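Protein chains: 2
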Amino acid sequence: MSIGIFDSGIGGLTVFKAILKDFPDADIFYLGDTARVPYGNKSKETIIRYSLECATFLKKNFDINLLIVACNTASSYAVETLKNYLNIPVIDVINPGVEYALQVSKTKKIGVIGTQATIRSGSYQKLLQKNGAKVYSKPCPLFVPLVEEGRIKGQITRLIIKDYLQEIIDEGIDTLILGCTHYPLLKEEILNLYPYLNIVDSTNTINNYIKKFSVSLQNNSNQKIFITDEAPSFYTLKNLLLPEIPLEKVELSQICTL
Amino acid sequence: MSIGIFDSGIGGLTVFKAILKDFPDADIFYLGDTARVPYGNKSKETIIRYSLECATFLKKNFDINLLIVACNTASSYAVETLKNYLNIPVIDVINPGVEYALQVSKTKKIGVIGTQATIRSGSYQKLLQKNGAKVYSKPCPLFVPLVEEGRIKGQITRLIIKDYLQEIIDEGIDTLILGCTHYPLLKEEILNLYPYLNIVDSTNTINNYIKKFSVSLQNNSNQKIFITDEAPSFYTLKNLLLPEIPLEKVELSQICTL
């Protein structure tokens, strides 16, 4: 069994890296749709369509039999459609984050931040509420461009963090779910402002989900990253996180097949 | 003759609105590629491809015979290719801004701000230098998300403006070109910080360029806006700028034809 991972761009490499910790030799193929990033400002219909196209590329070319949706926006909208369409197990990044947040929160007052589309979907809120938590959510659309510009520290970044978070902090949350793969890079400054917070992201427990299928994993270390556009900003994060994994550009016409 | 306008998204509506001032009854068709916005973080190759696809849609469907590239990033990379491919006049948003900046600047020390891709292209810098100006440029990648979130005023916005602009201000510029269609919405706060600056954007003189072709303009008031994705954020700016122009969504499959 080989694993396919897709994301709207480069943020999902944090998920790829987390998976490698427990499955260093697994066959893993990653597609970052850098030609159409971000998904978080798109409509539900377009998010589902792009997700299906990315997953279809991975299935057709690498016969993946486990799909990780390493993008919270796609996880919020496209997972059911992907399951029905692909007929293979699909792991999203919403459930692992929620599970871990419920483990570590004492007050069960849990904050969730993400893109406009992720928060609008209510995916985190519904799952947390079903499990008895009180949820305080907030879209943080400036966080992705801040991270992509490399502004992960400093006065402006702290001010923006405070501007978004203070109102949900004031509600008494003890745990904050980072509902976007870019946000872990802001964790240090968030903790500088709110040192008592439990900060949870989707990489905390994703490997537990993969372990259910791990008996049939292929371990030939076939690992590759594909991107749909060679944007200059991509390489900074790629080389920071996974410098050793080979990279290839695919034409968008190979992806736009639906 | 009917006019086609395309932009990566909604910012180009400021250009559409400026054109309507002088040509209220002209036949004008606008395409905003909201399903793939922004272009400013994409590669040159992808920017050219997307631009050709947008222009082809307008040409095929409305037989436009004048194309306005209302996106500075596309103007910086794709204009020559568009001219060769379409065989109709193509007006970009770089030349009008530069022309006006050269008229109003006394010191001929001119600042230019834009997306990463626009500034990287050197399009403004080359044109200004050819005309004897000293140029100080700076990419401002947070400005588009600030505007799209509606943060056009306030402490955070002023701090970010200062963070980007202070170094080129210190060089002694007297004129600043806003090299991105979103940036005019930040003009007020830029002037609050630097009240003596001449602020120039592409809408200042674009109508002079159109006037060269205006004898053959069709004036049946056929005007329509097309978008490739109905993202919720689109409507705010559309209704603010051009509430009366009808709107239609087109499928991306009608655009991705190359």
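Taken in order, these protein sequences are the chains called P and H.
Residue numbering for the first sequence follows our numbering, beginning at 117 and increasing consecutively.
Residue numbering for the second sequence follows our numbering, beginning at 117 and increasing consecutively.
Even glycine gets a Cβ: it sits at the ideal position worked out from N, Cα and C.
Please read these numbers as outputs of a predicted model, since none were measured by experiment.
Asked, Found
"Buried versus exposed call for residue 292/P [16 or more other C-beta atoms within 10 Å across all chains shown]", "buried"
"Alpha-carbon to alpha-carbon, residue 317/P and residue 319/H", "44 Å"
"Extent of the continuous beta strand (DSSP E) to which residue 283/P belongs", "No beta strand (DSSP E) contains residue 283/P, which is instead part of the alpha helix (DSSP H) from 271-285."
"Extent of the continuous alpha helix (DSSP H) to which residue 234/P belongs", "232-237"
"Cross-chain neighbours of residue 162/P in chain H, by beta carbon under 7 Å", "151, 345"
"Residue 138/H - DSSP class collapsed to helix/strand/coil", "helix"
"Of the listed residues 308/P, 143/P, 225/P, nearest to residue 332/P (C-alpha basis)", "143/P"
"Under 9 Å from the C-beta of residue 337/H: neighbouring residues of chain P", "Within chain P, no residue comes near residue 337/H; the closest Cβ sits about 29 Å away, beyond 9 Å."
"Residue burial classification, residue 307/H (beta-carbon count within 10 angstroms, cutoff 16)", "exposed"
"Partner residues on chain H for residue 157/P, Cβ-Cβ distance less than 8 Å", "153, 264, 347, 349"
"Terminal residues of the beta strand (DSSP E) in which residue 343/H lies", "339-343"
"Beta-carbon neighbours of residue 272/H, restricted to chain P and to distances below 9 Å", "258, 272, 275, 276, 279"
"is_contact[residue 170/P, chain H] using C-beta, thresh 8 Å", "no"
"Beta-bridge partners of residue 291/P, as assigned by DSSP", "226/P, 314/P"
"Inter-residue Cα distance where the pair is residue 122/H and residue 186/H", "6 Å"
"Neighbour flag for residue 187/P against chain H, beta carbons, 8 Å", "no"
"Chain-ordered chain H contacts of residue 372/P [CB-CB under 8 Å]", "368, 369, 372"
"Sequence-distant residues of the same chain with beta carbon closer than 8 Å to residue 366/H, five excluded per side", "147, 173, 342, 343, 344"
"Exposure of residue 128/H, with buried meaning 16 or more beta-carbon neighbours within 10 Å", "buried"
"Where residue 118/H falls: helix, strand or coil (DSSP)", "coil"
"Beta-carbon proximity of residue 289/H to residue 225/H, cut-off 8 Å", "yes"
"Straight-line Cα distance separating residue 217/H from residue 195/P", "51 Å"
"Expected contact under 8 Å - CB spacing of residue 207/P and residue 254/P to nearest Å", "That pair is no contact at about 26 Å."
"Residue environment, residue 192/P, which counts as buried when at least 16 other CB atoms sit within 10 Å", "buried"
"Cβ contact (3+ pairs, closer than 8 Å) linking the segment 200-214 of chain P and the segment 270-287 of chain P", "no"
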